[in-house]
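Residue numbers (my numbering), protein chains in the order written: chain A, 1 to 378; chain B, 379 to 459.
Here a beta-carbon is modelled for each residue, glycine too, at the ideal position from N, C-alpha and C.
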Amino acid sequence: MYEIVPYGPALKDQLIELQRHLWSDDLALNAAYFEWKYEQNPYFPEPLLQLAVQSGRVVGMRGVFGSCWEAGPASESFRIPAADDLVIHPEHRSQGLFGSIMRATIDDLAERGYPCAFTLSPGPATLAGSLTTGWKVVASMRPVQRMTTTRGIVSHLRSRVGEIRLLWRYADGVRRLEQSSSAARPFARLDREGRRARGVTRPRISVARAPRVEDMANLVRRLGHDGRLRHVRDEKYLAWRFRNPLHEYRFVFCDQERLEGYLVLQTYRRQPGWQFNIVDWEGTFAARAALLRDVVMWGRLPDVRAWTAALPDDTGPMLREHAFVPVPTGEGPLARHLPSILTRPIPGRASRSEPTLGGRRVLDPAAWDMRMLYSMAG
Amino acid sequence: MALLGLLAEIAPQLDGDLTDDTPLITSGAIESLALLSLVQWVEARIDSTVDITAFDLAVQWDSVRAILDFTERYQSPAGRD
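Shown next as structure tokens:
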């Protein structure tokens, strides 16, 4: 029999061990990620997780981390729980645990009075399970990608070779070979070209390993808010957000007299250099254009991706000009909905059948200014 | 494969208790990966893709009877027995 219990520090070691099935094989890295995401979260003072336990052993978990959103003409802010990190030990899958953990999670959030919850980076299994437990898809994020010719050939070859059972080892070999050159220092070229260009270009484009938190938050404030639902990007959030130990970031800044724009690139430490994401991209039109141009030219990154669902209209032509194309839809019945965002109303005194925040309908895709930064995909 | 055979595979915990009206979705018997298998079964049955984000699974697929009603409703004429 399983028991669903709230997280307590006595279960931390077991939880971190269980996350070998989702986060990484490295227990120290898992611990750092847990501490960053749940213990140091700027919005929730304590970790909110529900664990499935059998005979004293943790066999499943669902986490909820704190997020803070703003919406409406007055940019009213709301603390919203974001469900994430679902994992069930392989020996305990298909036992109804997903539903049990989700019900316990929702009950807990109802007691705490939240109006709704979000899921911002579901995989196929989480998406499917969520649809059976009252979650709704708000929108696909419409990802685009820009591949170098080499990566395009490798990806094509890998997918073709992968179809031939006897040669699948060769396909992985091809991928490792292509990856090895960039894995150790995935941003090496971007860093080098950024150093070379220092002080030469106008507007001034620079590459940094650390965010300029105050400048970035000031820029976001200066550019204003159109009232769509977006995560608060103040100093507190930005200082916390980029300490994610599973990811490596680069910050590309565009300055004139002051910061006019920034573009944040990210890659996964588990597969450094295999894929890069533009997780946030902000600024005036001219600044954003200059940032994208120089990132493409300097970085020569093999596979760069961005979510386009909420980008400004002027961004589409900019991305197309630099050869970004839609990411091909994967296989499976839910593939075309990924990546996506989900929401669920929380029953209780603050509940509505269709929640609103700042007067914006949460289920309306047009109500969102969604960026990869707000999701743990970035 | 018949629907009951599929359910025996993907929801073994039902173990002989399954009737035409046994709750599948609202009881948590069908979830995540099991649901993906069920979607593929339905799609093969009606010879078309199904967008499961477009309707309420807890209403339309909550029992064997409901799932068979669904496939009957959306089955293409060519795919009917």
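Within 10 angstroms of the beta-carbon of P47(A) lie 16 or more other beta-carbons, which makes it buried. Ranked by Cα distance from V53(A), the options W36(A), A104(A) and S24(A) are led by A104(A).
Taking 4 residues as the shortest admissible run, the stretch 181-242 of chain A contains the following complete alpha helix (DSSP H) segments, listed from N- to C-terminal end: 188-196, 213-223 and 235-241. Distance from the CA atom of R204(A) to the CA atom of R222(A), rounded to whole angstroms, is 19 Å. The DSSP assignment places complete alpha helix (DSSP H) segments of no fewer than 4 residues inside the stretch 290-321 of chain A at 315-321, in order along the chain. In its chain, beyond the 5 residues on either side, Y7, F34, L49, L51, V58 and M61 have a beta carbon closer than 8 Å to the beta carbon of L15(A).
For I403(B), same chain residues with a beta-carbon under 7 Å away, outside a window of 5 residues either side, are L435, A436, W439 and D440 in chain order.
Apart from sequence neighbours up to five positions away, the residues of its chain that approach R20(A) with a beta-carbon distance below 8 Å are L27 and N30, ordered along the chain. One thing to note: V138(A) has its Cβ no nearer than 8 Å to the Cβ of P326(A). Chain B places no beta carbon closer than 8 Å to that of F276(A), leaving this residue out of the contacts. If you look at P6(A), you'll find it in the beta strand (DSSP E) that goes E3 to P6.
Residue pairing for H247(A): DSSP places it in a beta bridge opposite Y268(A). According to the DSSP assignment, T148(A) belongs to no beta strand (DSSP E), since it is labelled neither H nor E. Between the beta-carbon of R146(A) and that of A323(A) there is about 5 Å, and that keeps the pair under the 8 Å contact cut. Residues A139, S140, M141, R142, P365, W368 and M370 of the same chain have their beta carbon placed closer than 8 Å to that of A309(A), with the five preceding and five following residues left out of the count. With respect to chain B, the C-beta atom of A83(A) has no partner C-beta closer than 8 Å.
Your pair L292(A) and C254(A) does not check out as a contact, with CB atoms roughly 10 Å apart and the cut at 8 Å.
Taking 8 Å as the CB threshold, L384(B) stays off the interface with chain A. Look at V417(B): its C-beta is under 8 Å from a C-beta on chain A. Of the residues assessed, H337(A) falls on the buried side of the cut-off, its CB having 16 or more other CB atoms within 10 angstroms.
A straight line joining the alpha-carbon of P345(A) with that of A117(A) spans about 7 Å.
DSSP lists no bridge partner for E331(A).
Among the CB atoms of chain A, none fall inside 8 Å of the CB of I424(B). With fewer than 16 other CB atoms across the displayed protein chains lying within 10 angstroms of its CB, V200(A) is exposed. At a beta-carbon threshold of 9 Å, the residues of chain A lying near G406(B) are G96, L97, F98, G99, S100, M102, R103, T132 and T133, ordered along the chain.
Interface criterion not met: the Cβ of P401(B) is under 8 Å from no Cβ in chain A.
In the structure shown, the three-state DSSP call for S441(B) is coil. A Cβ-Cβ separation of about 7 Å places A210(A) in contact with F251(A) under the 8 Å criterion. Minimum Cα-Cα distance from V420(B) among the listed residues G406(B), P390(B), E387(B) and D447(B) corresponds to D447(B).
Using a Cβ distance threshold of 8 Å, T119(A) and A71(A) do not count as a contacting pair.
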